[in-house]
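Everything in the sequence shown is counted per my numbering, starting at 2 for the first residue and increasing by one.
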Amino acid sequence: MKSWKKLLLGLAGVFALTALAACSSSTNTLDKVKDKGTLTVALNPHFAPFEFKTIQDGKDTIVGADIEIAKAIADELGVKVKFSEMSFDNVLASVQSGKADIAISGISATKERQKIFDFSDSYYESETVLVVKKDATETYKQTSDFAKKSVAVQKGSIQENIAKANLSDANVVSLAQPGEAINELKSGQVEGVVLEKAIAQGYVDQNSDLAMSDIALKSDSNDAYAVAMPKGSDELKAKVNKVIAKLKKEGKIDSYVQDAYALSLKSSSK
Ligand code: ARG
């Protein structure tokens with residue numbers, strides 16, 4: 002081949018590569034994930050039965066209903082799944098910065114969050130409750146009984162706002178993990194913990210000194226759980242919604258939650 006032809010071919014190659022690179026820098030979340038071959042999921046695995054750690058085959062493993070959903074999404078995309086563990090108040094930020102592709106962490110798709118993120122269709126209806134000491138259920142009968150008392154919540158969760166709005170005269174303490182909040186309650190540092198019912202149930206079942214209060218807490222936000230994605234993830238969102246619709250139709254989400262709940266009661270680490 003003549004050398005000028007080689008040069009032309011070479012130039013064409015460089016052109017093609019630059020065009021490819023230019024394309025991929027502007028690709029959507031779906032293409033980004035497919036190119037990498039891995040779906041990185043941000044979560045805070047201290048939230049049984051949705052995500053928590055347990056020992057499986059001698060190894061610390063993250064399990065739960067959200068984990069099954071993440072795996073089903075990765076399967077649909079034909080990629081591997083990687084779980085990126087962090088405190089809950091960093092979960093959404095890591096999707097925003099692009100460190101994680103999506104977040105599945107019992108995240109309530111509130112209106113404020115919808116301004117910053119794309120959310121899938123919801124997959125679980127949540128409800129917020131107050132956990133108290135069993136012997137204090139008679140002392141705390143209404144929200145005003147918490148005046149000048151302390152209640153703990155998970156930092157970055159919607160329960161921070163729910164607690165402040167419903168228990169306006171209480172001192173709301175934000176802690177990194179729900180487990181810490183429960184420990185503070187058990188040791189008498191706080192008088193209540195504001196937590197979602199499915200999670201509270203696990204603590205109440207495992208701690209005979211705790212109970213769920215009858216006090217109803219109002220929430221004005223959209224509390225149902227959904228998968229969070231960066232804004233503009235239309236293609237990925239369509240795939241995620243397809244998976245969620247299928248899992249819901251087959252009754253899988255409920256069975257994931259039930260199975261994970263049973264496992265969480267058995268497992269020592271939460
Ligand atoms: N649903 C609440 C929220 O979105 C709490 C979620 C906490 N999740 C967790 N994995 N710790 O704010």
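A virtual CB, placed ideally from N, CA and C, is assigned to each residue, including glycine.
Can Ser127 be considered in contact with the ligand ARG, in the sense that its beta carbon sits closer than 7 Å to one or more heavy atoms?
The residue given as residue 127 occupies position 126 in the sequence shown. Under cutoff, so the answer is yes.
Please write down, chain order preserved, every residue whose beta carbon lies under 5 Å from a heavy atom of the ligand ARG.
For the ligand ARG, the selected residues are Asn45, Phe48, Phe89, Ser106, Gly107, Ile108, Ser109, Ser158, Ile159.
Contact between the stretch 48-62 and the stretch 196-211: three or more CB pairs below 8 Å?
The stretch 48-62 is in contact with the stretch 196-211.
Just the Cα atoms here: how many angstroms apart are Val64 and Lys253?
Reading the sequence shown from its first residue, position 63 is the one you call residue 64. Reading the sequence shown from its first residue, position 252 is the one you call residue 253. Rounded to the nearest angstrom, the two C-alpha atoms are 15 Å apart.
With a threshold of 16 other CB atoms inside 10 Å of the CB of Ser256, please say whether the residue is buried or exposed.
Looking up residue 256 in the sequence shown gives position 255. The residue is exposed, with fewer than 16 neighbouring Cβ atoms inside 10 Å.
Flag this pair as yes or no: are the beta carbons of Glu77 and Lys243 separated by less than 8 Å?
By 1-based counting over the sequence shown, the position of residue 77 is 76. By 1-based counting over the sequence shown, the position of residue 243 is 242. Yes. Within cutoff.
In whole angstroms, what is the alpha-carbon distance linking Asn167 and Val195?
For this step, residue 167 is matched to residue 166 along the sequence shown. For this step, residue 195 is matched to residue 194 along the sequence shown. Each residue's alpha carbon lies about 10 Å from the other.
Mapping the DSSP letters down to three states, classify Asn91 as helix, strand or coil.
The sequence position of residue 91 within the sequence shown is 90, counting from 1. Reduced to three states, the DSSP call for Asn91 is helix.
Suppose the cutoff is 7 Å on Cβ atoms and the five residues either side in sequence are ignored; what does the same chain contact list for Ser123 look like?
Here residue 123 refers to the residue found at position 122 of the sequence shown. If we look at Ser123 and ignore the five residues flanking it on each side, its Cβ neighbours are Ala110, Ala225, Tyr226, Ala227.
Quick one: is Gly193 buried, meaning 16 or more other Cβ sit within 10 Å of its Cβ, or exposed?
Locating residue 193 in the sequence shown gives position 192, where the first residue counts as 1. Buried.
How about Asp58 and Leu44: do their beta carbons lie closer than 8 Å?
As a working mapping, residue 58 is identified with position 57 in the sequence shown. As a working mapping, residue 44 is identified with position 43 in the sequence shown. In this structure, Leu44 does not lie closer than 8 Å to Asp58 by Cβ.
On the three-state DSSP scale, how would you describe Gly193?
Indexing the sequence shown from 1 puts residue 193 at position 192. Strand.
Since Gln57 sits in a beta bridge, which residues does DSSP pair it with?
Counting from one through the sequence shown, the residue named residue 57 turns up at place 56. Looking at the DSSP assignment, Gln57 forms a beta bridge with Lys60.
On a Cα-Cα basis, can you pick out the residue from Val42, Ala217, Glu197, Asp36 that is closest to Gln160?
Along the sequence shown, one-based indexing puts residue 160 at 159. Looking at the Cα atoms, Glu197 is the closest of the given residues.
Within 8 Å, do at least three Cβ pairs link the stretch 256-267 to the stretch 137-156?
No contact exists between the stretch 137-156 and the stretch 256-267.
How about the stretch 118-132 and the stretch 234-241: do they share at least three Cβ pairs that are nearer than 8 Å?
Flag = yes, the stretch 118-132 and the stretch 234-241 touch.
Which class does Leu40 belong to by DSSP, given the choice of helix, strand or coil?
The residue you call residue 40 lines up with position 39 of the sequence shown. Strand at Leu40.
Can you give the Cα-Cα distance for Ser234 and Thr30, rounded to whole angstroms?
Your numbering for residue 234 matches position 233 in the sequence shown. Your numbering for residue 30 matches position 29 in the sequence shown. When rounded, the distance between both Cα atoms is 6 Å.
Please state whether the Cβ-Cβ distance between Leu211 and Lys150 is less than 8 Å.
As a first step, residue 211 must be located in the sequence shown, where it is residue number 210. As a first step, residue 150 must be located in the sequence shown, where it is residue number 149. No, the Cβ-Cβ distance between Leu211 and Lys150 is not below 8 Å.
Sort Asp61, Asp170, Ala177, Val96 by Cα distance to Phe89 and report the nearest one.
As a first step, residue 89 must be located in the sequence shown, where it is residue number 88. Checking every option, the nearest Cα to that of Phe89 belongs to Ala177.
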